[in-house]
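Asks:
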Amino acid sequence: MIKALSNFCHRAFARRALAVVMLIAAPALTPAPTHAQGMVNLSKSEAADVLRIQAYLNSIRTLSSRFLQVSSEGDYSEGTLSFSKPGKMRLEYDDPNPTLLVSDGVNLAYFDKELKQISYFDLQSTQASILLTERISFSTGETNLTAFERGPGVLRLTVIKGSNPLEGNMTMIFSDKPISLKKWTVTDAQGIVTNISLVNPRFGAPVSPKLFFIEMPDEGLENN
Numbered sequence: 396m397i398k399a400l401s402n403f404c405h406r407a408f409a410r411r412a413l414a415v416v417m418l419i420a421a422p423a424l425t426p427a428p429t430h431a432q433g434m435v436n437l438s439k440s441e442a443a444d445v446l447r448i449q450a451y452l453n454s455i456r457t458l459s460s461r462f463l464q465v466s467s468e469g470d471y472s473e474g475t476l477s478f479s480k481p482g483k484m485r486l487e488y489d490d491p492n493p494t495l496l497v498s499d500g501v502n503l504a505y506f507d508k509e510l511k512q513i514s515y516f517d518l519q520s521t522q523a524s525i526l527l528t529e530r531i532s533f534s535t536g537e538t539n540l541t542a543f544e545r546g547p548g549v550l551r552l553t554v555i556k557g558s559n560p561l562e563g564n565m566t567m568i569f570s571d572k573p574i575s576l577k578k579w580t581v582t583d584a585q586g587i588v589t590n591i592s593l594v595n596p597r598f599g600a601p602v603s604p605k606l607f608f609i610e611m612p613d614e615g616l617e618n619n
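Sequence positions in the sequence shown follow the numbering used here and run 396 to 619.
Next comes the structure, spelled out in structure tokens:
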């Protein structure tokens, strides 16, 4: 019974982590009409900022960074994040957190190193796919903009996957001039808020393909 409860708790944490990993894409940007920027009305200057953010995200091919993660439930973790577009990502938490998340471009694997169990999720069903997509757009209907805010030296942009805000959202926070991704906040369908802050991020640096491979254990495979 204790093991079953541990499994449940780890899976619950994993689903929150999957939503978080999200975001955070180098083809040339084709500007979309400002009225098609999703589910929020923007002024001309705000629409220009959104397009600038979109172009910036589409210029990122790789990322390597330490991160800090804090949730509204009081959980605190640190770890290392790497991604390579399209679709490849590795999120490894420091001890004592046994969680490792790896995406090979199609599936996102959750590996509990303590229980030696692995579960697979369709990458496209997670918010992680927003940042890992080859080309992000806030006007296609797949990713919709629901809020935008400009502050002194800071830009905040909130998006949802699909069209139902009740399923959760992600807010990306950027420094401005030059624009740079600093952190993101994910709110899941249960209202749990998780903040991930990048620490000493390296954008565009080489990332080893070996990071996006995970050896499947002999037992403990689950599909979701």
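Ideal Cβ placement from N, Cα and C applies to all residues, glycine included.
1) Do you know offhand how far I455's Cα is from L446's?
2) Pull up the distance between the alpha-carbon of G557 and that of P547, whole angstroms please.
3) Answer yes or no: do F478 and L540 have a C-beta to C-beta separation smaller than 8 Å?
4) Tell whether a beta-carbon distance below 8 Å holds between G500 and K483.
5) Per the DSSP calculation, S459 is bridged to which residue(s)?
6) Consult DSSP for I609 and reduce its assignment to one of helix, strand or coil.
7) Answer with buried or exposed for R597, where buried requires no fewer than 16 other C-beta atoms within 10 angstroms of its C-beta.
8) Kindly indicate which residue of T521, E487 and D490 has the alpha-carbon position closest to the one of N502.
9) Going by the CB atoms, is the gap between I525 and T538 shorter than 8 Å?
10) Tell me where the beta strand (DSSP E) around V445 begins and ends.
11) By Cβ distance, which residues of its chain are closer than 8 Å to K684, with the 5 residues on each side in sequence left out?
12) Report the CB separation of L452 from F462 in whole angstroms; it is logged as a contact under 8 Å.
13) Sort out for me which residues DSSP pairs Q464 with in a bridge.
14) Opposite S498 in the DSSP bridges: which residues?
15) Between which two residues does the beta strand (DSSP E) harbouring S514 extend?
16) If you follow the alpha helix (DSSP H) that S524 is in, where does it begin and where does it stop?
17) Is DSSP giving S520 helix, strand or coil here?
18) Which stretch, first to last residue, makes up the beta strand (DSSP E) that contains I568?
19) Just mark Q585 as buried or exposed, buried being the case when its beta carbon has 16 or more other beta carbons within 10 Å.
20) Please report the straight-line C-alpha distance between P491 and S514, rounded to a whole angstrom.
21) Our contact map puts T589 next to Q464 with C-beta atoms below 8 Å; I'd like the distance itself, whole angstroms only.
Replies: Let's see:
1) Looking at the two C-alpha atoms, the distance is approximately 15 Å.
2) In a straight line, the C-alpha of G557 is about 30 Å away from that of P547.
3) Here F478 is not near L540, since their CB atoms are 8 Å or more apart.
4) A Cβ-Cβ contact shorter than 8 Å links G500 with K483.
5) DSSP output for S459 lists S477 and R597 as bridge partner(s).
6) Three-state result, I609: coil.
7) With fewer than 16 other Cβ atoms within 10 Å, it is exposed.
8) Of T521, E487 and D490, the smallest CA-CA separation from N502 is found for T521.
9) In contact: T538 and I525 (Cβ atoms closer than 8 Å).
10) Per DSSP, V445 belongs to no beta strand (DSSP E); it is in the alpha helix (DSSP H), K439 to S454.
11) Here the chain covers residues 396 to 619 and nothing more, so residue 684 does not appear.
12) Not a contact, Cβ separation roughly 17 Å.
13) Paired residue(s): S472 and I591.
14) Answer by DSSP bridge pairing, in chain order: M484 and L503.
15) Counting along the chain, the beta strand (DSSP E) containing S514 begins and ends at Q512 to D517.
16) S524 -> alpha helix (DSSP H) spans A523 to L527.
17) Residue state, collapsed to three classes: helix.
18) Per DSSP, the continuous beta strand (DSSP E) segment holding I568 begins and ends at G563 to S570.
19) So Q585 ends up on the exposed side.
20) For P491 and S514, the distance between alpha carbons rounds to 20 Å.
21) Correct: roughly 6 Å between the Cβ atoms.
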